[in-house]
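Below is one structure, written out as structure tokens; comments come after it.
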Amino acid sequence: MSKKIRVRFAPSPTGGLHLGGVRTVLYNYLFARQHLGDFILRIEDTDQSRFVPGAEEYIMDCLRWCGLEPDESPLTGGNYGPYRQSERKANYRAYAEKLVADGHAYYAFDTPEELEKMREDFRTTENPSPQYDHRLRQQMKNSLRLSKDEVAKLLSDGVPHVIRIKMPADQTLRFTDLIRGEVEFNTGHVDDKVLLKQDGMPTYHLAVVVDDYLMQITHAFRGEEWLPSAPVHVLLWDYLGWKDSMPQWAHLPLILKPDGNGKLSKRDGDRLGFPVFAMNWTDPKTGETTTGFRERGFLPEAFVNMLAMLGWNDGTGKEIFSLEELVQAFSLERVHKGGAKFDFEKAKWFNHEWIKAATPDRLLPDVKAVLSQQGFEANDDDYTKKVIALVKDRCTFTTDFAEQAGFFFKTPAAPDMQAVAGKWTAEKTHFFNELMNKLPASKDAAAVEQIFKDLATAHNIKVGELQLPFRLMLVGGKFGPAVFEIAAMLGAEETGKRIRQGLQALA
RNA sequence: GGCGCGUUGGUCAAUCGGUUAAGACGCUUCCCUUUCACGGAAGAAUGACGGGUUCGAUUCCCGUACGCGCUACCA
């Protein structure tokens, strides 16, 4: 029996939850479910200066909306808590000290100003960003260069310091990435990352390995931007004596902006007019709200489906997947290596497909919310569901229901009859006057159509000549389902009322 | 600059040495429909470049170019 699969999503609560973040969650979730493992949410809030109130709750709300709820989290708890790194603070120092004791790390007393000075002093055209590495550390203020007594004094004086990893000067490090295969680094090219900050909090580098170890994480998925620091983490697993427990790494490709190149950012969404966050996010500092996919009118099924396909496919050409189907079909081997440009047109297509395929029952709550938000009263669920069935094919977003279905709930104000006014005749007026009185009591579209056509023949007018005006009267515009369906749904009374109104507009 | 990762149509992408190089989005045209859609049909459009390896490379290897990422006491 092999170890139970455990994966984790470890966001830092600093703002809205980005598309790419949700995709990372999704791949974690799919992998865990597929292997009957655990999916953990761990909050990486070690940077107290970047703490944003509400962000953690927001992240959990997003996961709930997407249907990707963790088995263990700050909210649900679990056997490996706490699930906020700020609450695990006491853990980290000892591990950092152990690394120092074992000669794999050291104390560094350099102040921010000194570090800044170092970067300036050593900056050249060839080396625009000098690193605190095996070459430079001998010139800095740390326990490697200072004498034992000096270090002891600084320590006992309580001089602020950090603990840095001591990267080997020249060692080839290899590890297998689940997506990229074998990856190779030379440790001499990596700087001596800070492990424990001056305030006693760990940096990501220390925290991620300590917590992954303590939480018995077996597979670690994260964005490709972490690849360059992977050697630090691999080394830490080794130095801490946990080499055999190290999770298998999988560095996911980035989601790129649609135009040009580079990582997709919130700004791109603002600039190009599409959401980047899962749900609306209001910055507590500025009060500024950024629209999310949910509020834009996306179904979570479509959002998740779309994200899954951004970097993965099952090889058969199938594109529409439910979450359950994704759990079955997903495989890391089929995750792309290269980044994918985000295409909002394709995202729209996914949503449209899901709306078309959804049952009126599924859509009802969303549609009612949209309708009431736009001032329409939809109190009769059976009626609303029929309306949904009639118009859902022409809705790309749930928000489209307001425009596509509003006329079923409210008489259009003064219809614009311009399009038919030019060819209007007295005979047509007679036709509609007569139609009003002959509409069937039953809500039967076929019956309405029959009466309409018979009457047209009696008045010697082509049916086609009358359909557009009829539509304009009922709908208020050149769109919507079949006119006779609309008339039947509206009922004789309301239909008559709208005909009268239309006739008035033509008079 | 250094290090790492990547590169099939405009975009997402299949192909695990041999195909007329799938499919989807978007676009164009047509059909259906006297509304808007949906649906159906068709079309334009792709292997960055140069070397190898091989009977045969989109596929394997090397180099070049290009792109991206990282290069913080942020994650």
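In my numbering, the protein residues as written are 798 to 1304.
Just so it is clear, CB atoms sit at the ideal spot from N, CA and C, and this is done for glycine as well.
Span separating the alpha-carbon of residue i from that of residue j
| i | j | result |
| --- | --- | --- |
| Pro1157 | Glu1098 | 15 Å |
| Met798 | Pro1028 | Note on Met798: pLDDT 47, under 50, position unreliable in the model; the coordinate value appears next. The straight-line gap from Cα to Cα measures roughly 30 Å. |
| Ser940 | Gly1070 | 52 Å |
| Arg1068 | Lys1235 | 54 Å |
| Met964 | Tyr904 | 14 Å |
| Cys859 | Ala949 | 49 Å |
| Ala1253 | Ile1283 | 18 Å |
| Glu1246 | Leu1265 | 14 Å |
| Phe1139 | Ser1128 | 21 Å |
| Glu911 | Tyr929 | 12 Å |
| Trp1109 | Arg1131 | 6 Å |
| Ala807 | Asp842 | 9 Å |
| Ser944 | Asp868 | 50 Å |
| Lys1259 | Ala1223 | 15 Å |
| Leu1271 | Glu1290 | 12 Å |
| Tyr1010 | Glu1121 | 30 Å |
| Val1280 | Arg1268 | 6 Å |
| Thr922 | Arg916 | 13 Å |
| Asp1056 | Gly1136 | 13 Å |
| Gly1094 | Phe848 | 30 Å |
| Pro1278 | Val1188 | 7 Å |
| Ile1323 | Leu1024 | Nothing can be reported for residue 1323, as the shown portion of the chain is limited to 798 through 1304. |
| Lys895 | Asn888 | 12 Å |
Whole-Å CB distance - residue i paired with residue j, under 8 Å assumed
| i | j | result |
| --- | --- | --- |
| Gln995 | Pro957 | 5 Å |
| Phe1229 | Met1286 | With 8 Å as the limit, Phe1229 and Met1286 do not qualify as a contact, their Cβ atoms being about 19 Å apart. |
| Asp835 | Arg803 | 5 Å |
| Leu833 | Ser870 | Their Cβ separation, rounded to whole angstroms, is 19 Å, which puts Leu833 and Ser870 out of contact at 8 Å. |
| Ala1302 | Ala1211 | 6 Å |
| Ala1155 | Phe1173 | Contact doesn't hold; Cβ gap of about 20 Å is too wide. |
| Lys1220 | Leu1263 | With a Cβ gap of about 11 Å, Lys1220 and Leu1263 do not count as contacting. |
| Leu865 | Val822 | 5 Å |
| Arg820 | Leu1104 | 4 Å |
| Trp1146 | Asn1102 | Contact doesn't hold; Cβ gap of about 11 Å is too wide. |
| Leu992 | Ala902 | 6 Å |
| Asp1190 | Lys1153 | 5 Å |
Collapsed DSSP secondary structure at residue i in the structure displayed
| i | result |
| --- | --- |
| Lys1060 | strand |
| Ala905 | strand |
| Gln1045 | strand |
| Thr1291 | For clarity, residue 1291 is Glu in the given sequence; the question names Thr instead. In this structure, Glu1291 counts as helix in the three-state DSSP scheme. |
| Lys1138 | strand |
| Phe1074 | strand |
| Asp1065 | helix |
| Leu1053 | strand |
| Arg920 | coil |
| Ala1017 | strand |
| Asp1080 | coil |
| Ile1283 | helix |
| Met798 | Low confidence applies here, because Met798 scores a pLDDT of 47, under 50, leaving its location unreliable; read the following figure in that light. Here Met798 sits in coil by DSSP. |
| Val1005 | helix |
| Gly1089 | strand |
| Ile1117 | coil |
| Phe836 | strand |
| Phe1249 | helix |
| Trp1039 | coil |
| His815 | strand |
| Val1260 | helix |
| Phe1095 | coil |
| Val804 | strand |
| Val1132 | strand |
Handout entry: Touching by the beta-carbon criterion (3+ pairs, under 8 Å), the stretch 1037 to 1048 and the stretch 1012 to 1021
Key = yes
Problem - Ordered list of beta strand (DSSP E) runs contained in the stretch 1170 to 1230, each at least 3 residues - result: none
Practice task
Decide if the stretch 801 to 820 is in contact with the stretch 850 to 857; the criterion is three or more beta carbon pairs, one per stretch, under 8 Å apart.
Solution key: yes
Handout entry: Ranges of the alpha helix (DSSP H) found wholly within the stretch 926 to 999, counting only runs of at least 4
Key = 945 to 953
Exercise for the section: Could you say if the stretch 1171 to 1186 and the stretch 1209 to 1222 meet the contact criterion of at least three C-beta pairs nearer than 8 Å? Expected result: Segment contact: the stretch 1171 to 1186 against the stretch 1209 to 1222, fewer than three CB-CB distances shorter than 8 Å; contact not assigned.
Exercise for the section: Would you check if there are 3 or more beta carbon pairs closer than 8 Å linking the stretch 1088 to 1098 to the stretch 967 to 984? Expected result: no
Exercise for the section: Kindly confirm or deny that the stretch 1114 to 1134 and the stretch 877 to 886 touch, where touching means at least three C-beta pairs closer than 8 Å. Expected result: Output reads no: the stretch 877 to 886 does not touch the stretch 1114 to 1134.
Practice task
Mind the definition here: the stretch 959 to 975 touches the stretch 927 to 934 only if three or more C-beta pairs lie below 8 Å; say whether that holds.
Solution key: yes
Exercise for the section: Count the CB pairs spanning the stretch 999 to 1007 and the stretch 1018 to 1037 that are closer than 8 Å, and state whether there are at least three. Expected result: yes
Handout entry: Runs of alpha helix (DSSP H) lying entirely within the stretch 852 to 876, each at least 4 residues, in chain order
Key = Runs of the alpha helix (DSSP H) lying entirely within the stretch 852 to 876 and spanning at least 4 residues, in chain order: 852 to 863.
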